[in-house]
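Working notes for the structure below.
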Amino acid sequence: MEPVTTPVIPGRLWTTTGARTPGATILVQDGRAVIMDHGMDMPTSGDLLSMLTGRPGLTLVHLVWLGWNQGLSEAAPEHVPGSWPAALPASVDTSPGLALYRVGAHQAVAYYAPDAVVIAGDLLAPGVPELSGLTLAEARDFLLWARGQDPQAATGSRGVALTDPASVGRAIRTRLAYLETLEETVRDRVRSSHTARDIWCAGTWRAWPGDPRRHLINVHAAIAHVTGVPMDADAVRADLSALAPAAPASPDPVAA
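Okay, here's the thing in structure tokens:
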């Protein structure tokens, strides 16, 4: 099934629509396409690749992983070069104006200077960022950096498409406020020996949009930030598996 895409910069930049998987952002310049993967699964990757490679006059020239590989590498043609967060070039030769930045060990962002667009993956996930692949400090530093670029548009995972400066500014402010609340809440509760699940169950997060599971991941990341103890992936998985099936993610008022 051909993916549905949302134009961010008409004729040049699109992002996939919908929250089923993290999706991707696509940049096209002079018939050359670059996929910036936010974490697509293999079926979605295959559908997007089929759509792009089937377009007359369009050549897929590069793949960029902005986060975890969830299936694109298995679906991608072997001849198309790719870039990963762990070994990220500063730019893509075939795409003038596209700069790549490593944010954490497993996360990267892109910035398309000609149109001042930030392409941020899970850092601009619906409602709140997801901190599964980076620290709270790294997320905050990126958001402050992004604000300093005076972006005119932005994309995030799961269909977030912000097409004017005001909505980008609101999105960044909202996420910075969330990270501040997250750190303050966790710092206060950790002193009383609360666990991540205890803190999550306290309900502070109901005031924020976004998938409840994402908030639980973020609590674990904030505890690691506050205590200096690395996040325990097994503990995160155990807490997530103990939850009821995920409720539908709250709509992101910034991305609507």
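For what it's worth, the working numbering labels the leading residue of the sequence shown as -11, then goes sequentially.
A virtual CB, placed ideally from N, CA and C, is assigned to each residue, including glycine.
Everything numeric in this text was worked out from a predicted model, so none of it was measured.
Note that the C-beta distance between Thr169 and Thr143 is not below 9 Å. For Arg177, the enclosing alpha helix (DSSP H) stretches over residues Pro153 to Val178. Taking Ala230 as reference, the option from Thr123, Ala209, His213 and Trp188 with the minimal CA-CA separation is Trp188. Taken through DSSP and simplified to helix, strand or coil, Gly27 comes out as coil. Using a 10 angstroms sphere on the CB of Ala226, the tally of other CB atoms stays under 16, which defines it as exposed. Residues of the same chain with a CB within less than 6 Å of the CB of Ser33, apart from the 5 flanking positions on each side, are Gly59, Leu60 and Ala63 in chain order. Comparing C-alpha distances from Arg135 to each of Leu122, Leu88, Ser120 and Thr162 shows the shortest one belongs to Thr162. DSSP places Val(-8) in the coil class of the three-state scheme, outside both helix and strand. Apart from sequence neighbours up to five positions away, the residues of its chain that approach Asp103 with a beta-carbon distance below 6 Å are Ile(-3), ordered along the chain. Under the DSSP assignment, His50 falls in the beta strand (DSSP E) whose first and last residues are Thr47 to Trp53. Beyond the five residues adjoining it in sequence on each side, Leu122 comes within less than 6 Å, by CB distance, of Val91, Gly92 and Gln95 in the same chain, given in chain order.
Checking the DSSP bridge columns, you'll see Ser38 has no partner listed. A residue is called buried when at least 16 other Cβ atoms come within 10 angstroms of its Cβ; Leu119 meets this threshold and is buried. Taking every protein chain shown into account, the CB of Asp81 has fewer than 16 other CB atoms within 10 angstroms, so this residue is exposed.
Residues Ile211 of the same chain have their beta carbon placed closer than 8 Å to that of Val217, with the five preceding and five following residues left out of the count. For Trp188, the enclosing alpha helix (DSSP H) begins and ends at Ala184 to Cys189. Here Ser229 carries a helix assignment [DSSP, helix/strand/coil]. Its chain contains Thr(-6), Thr3, Thr4, Thr5, Gly6, Ala7, Gly11, Pro114 and Ala243 as the residues whose beta carbon lies nearer than 8 Å to that of Gly147, once the 5 sequence neighbours on both sides are disregarded; these appear in chain order.
Going by DSSP, Arg146 is part of no alpha helix (DSSP H) at all; its letter is neither H nor E. DSSP links Ile107 through a beta bridge to Ala98 and Thr143.
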